[in-house]
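Note that the UniProt record's numbering has the sequence shown beginning at 1, numbered continuously upward. Ideal Cβ placement from N, Cα and C applies to all residues, glycine included. Keep in mind it's a predicted model, so treat the numbers as computed, not measured. Comments concern the structure below.
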Amino acid sequence: MDADVFGQVLGAVREFVRKEVVPREAEIDERDEIPAEIREKAAELGLFGWALPEEYGGLGLGMAEDVRLAIELGWTTPAFRSLFGTNNGIAGQAIVHHGTPDQRTRWLPRLAAGQAIASFALTEAEAGSDPGGLTSRAVRDGDRYRLSGTKRFITNAPLAEVFVAFARTDPESTGSHGISAFLVPAGAPGVTVGPHDAKMGQAGAWTSEVVFDDVELAADTLVGEEGKGFGIAMASLARGRLHIAALCVGLAERALAEAVEYARTARQGGRVIGEYQLVQALLAESHAELAAGRAMVHEAAAKYDSGEDRKLGPSSAKLFCTEMLGRVADRAVQVHGGTGYVRGVTVERIYRDARLFRIYEGTSEIQKLVIARQLLKG
1 MDADVFGQVL GAVREFVRKE VVPREAEIDE RDEIPAEIRE KAAELGLFGW ALPEEYGGLG
61 LGMAEDVRLA IELGWTTPAF RSLFGTNNGI AGQAIVHHGT PDQRTRWLPR LAAGQAIASF
121 ALTEAEAGSD PGGLTSRAVR DGDRYRLSGT KRFITNAPLA EVFVAFARTD PESTGSHGIS
181 AFLVPAGAPG VTVGPHDAKM GQAGAWTSEV VFDDVELAAD TLVGEEGKGF GIAMASLARG
241 RLHIAALCVG LAERALAEAV EYARTARQGG RVIGEYQLVQ ALLAESHAEL AAGRAMVHEA
301 AAKYDSGEDR KLGPSSAKLF CTEMLGRVAD RAVQVHGGTG YVRGVTVERI YRDARLFRIY
361 EGTSEIQKLV IARQLLKG
């Protein structure tokens, strides 16, 4: 995208987030739902398709632009970004890079316009960060497949019109082998979506269990080659990990801004608390870590776009930035003292929202394994 045009997009998103979404954060947290008018405005801004190709109605942003946008989106509740995150990320990218021309033509324009939401159905109760342990099966039946299995913690499942679902097509395979990806319409007979989970944080971002009970799928719902689904999932997750790292930078910026403002105005012992050196130390530590995370994200994005590194950088950035956000959020609560522990105070919500980032799209422990393996491969 032209730099001037992207600057206009970024400015419009920043204004919308700070003037229209931020004032409704408490409402979103309490009601556990994104208001319809916010969803409509997000679609108008092109947010349902920022990472989808322009030929299908998306904005076609590269990774360097993606992370700048994610930092802006991180300023508010993560539930806002989650609403359209799967369209642009793990689900949408699987269709972009591995879908057939017919699959791309059918789904991508609708995803980019916000007319449909795609969900990524990979995780299972006993196959989380290591999806090679999944037990869902897709059995070939003539020119069709029959899909059975249960997925867990599936983001946007209650809102989805289509699932990018992963199942084992080779019954003799183990681990990462013999897994395939399918496009499963949410309304297909045999698909059941459970109620959305009541979570510790990120209210308004819905996750649910999804059950596939002998779902009949046409052969043309297969995404990519049979047996290549694990690679499709990993490629989509790599981009998503870098995006999540940038989102955490944005949320850390918000947490630090809240802490700084409180330190400037709150008083204890007849002085504003920002005059106390140990409070200053909390702010300084957060600023330094945040600056490091921001630099890491931008460097990793540049290498992702050039093709130089699409594994080590994304995992390193996700590991550092998600952990960094946890520390920055914790310090922000500490600066607020007892006030920071009260429901309805911004840093209290950020503290709860931040915790999930170290778990989904690959736990911190899995990122360490990915990083080490890449280093040892040389």
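Spatially closest choice to residue i from the options, by CA coordinates
i, options, result
"residue 221", "200, 145 and 118", "145"
"residue 311", "123, 25 and 235", "235"
"residue 77", "298, 35 and 91", "35"
"residue 214", "197, 302 and 147", "147"
"residue 219", "198, 288, 143 and 159", "143"
"residue 28", "279, 82 and 14", "82"
"residue 178", "187, 188 and 167", "167"
"residue 336", "308, 279, 354 and 284", "279"
"residue 284", "65, 197, 338 and 332", "332"
"residue 395", "153, 187, 202 and 353", "Residue 395 falls outside the range modelled here, since the chain spans only 1 to 378, and no answer is possible."
"residue 114", "140, 129, 39 and 151", "39"
"residue 64", "305, 363, 377 and 378", "305"
"residue 180", "354, 230 and 157", "230"
"residue 149", "176, 173, 193 and 80", "193"
Bounding residues of the beta strand (DSSP E) (the contiguous stretch that carries residue i)
i, result
"residue 333", "It is not in any beta strand (DSSP E) - residue 333 instead sits in the alpha helix (DSSP H) that spans 312-336."
is_contact[residue i, chain C] using C-beta, thresh 9 Å
i, result
"residue 350", "Absence of chain C from the displayed structure is noted, only one protein chain being present."
First through last residue of the alpha helix (DSSP H) which encompasses residue i
i, result
"residue 95", "90-98"
"residue 28", "25-31"
"residue 112", "101-113"
"residue 11", "3-16"
"residue 68", "63-73"
"residue 353", "346-354"
"residue 44", "36-44"
"residue 365", "364-377"
Contact belief for residue i with residue j at Cβ below 8 Å, rounded distance in angstroms
i, j, result
"residue 118", "residue 162", "5 Å"
"residue 47", "residue 84", "5 Å"
"residue 95", "residue 13", "Not quite, the Cβ-Cβ distance comes to about 24 Å (not below 8 Å), so this is no contact."
"residue 251", "residue 325", "6 Å"
"residue 66", "residue 301", "7 Å"
"residue 9", "residue 75", "Rounded, the Cβ-Cβ distance is 16 Å, inconsistent with contact."
Heavy atom of the ligand FMN within 8 Å of residue i beta-carbon
i, result
"residue 265", "As far as ligands go, the structure on display features none, and thus does not contain the ligand FMN."
Ignoring anything shorter than 3 residues or poking outside the stretch 120-199, list the beta strand (DSSP E) runs there in chain order.
137-141, 144-155, 162-168, 179-185 and 191-193
Counting only runs that start and end within the stretch 194-249, where is the alpha helix (DSSP H) found for 4 or more residues in a row?
none
Taking 8 Å as the cut-off, does the stretch 129-147 touch the stretch 196-211 (at least 3 CB pairs, one atom from each stretch)?
no
Taking the runs of the beta strand (DSSP E) that are 3 residues or longer, which of them lie wholly in the stretch 250-289?
none
When the Cβ atoms of the stretch 98-113 are set against those of the stretch 50-70, are three or more pairs found closer than 8 Å?
yes
Would you call the stretch 315-322 and the stretch 360-374 touching, i.e. three or more CB-CB distances under 8 Å?
yes
Inter-stretch contact (C-beta, 8 Å, three-pair minimum) for the stretch 290-297 and the stretch 244-252:
yes
Within the chosen definition, does the stretch 344-352 reach the stretch 67-74 through at least 3 CB pairs nearer than 8 Å?
no
Hey, is the stretch 324-331 in contact with the stretch 118-128, meaning 3+ C-beta pairs nearer than 8 Å?
no
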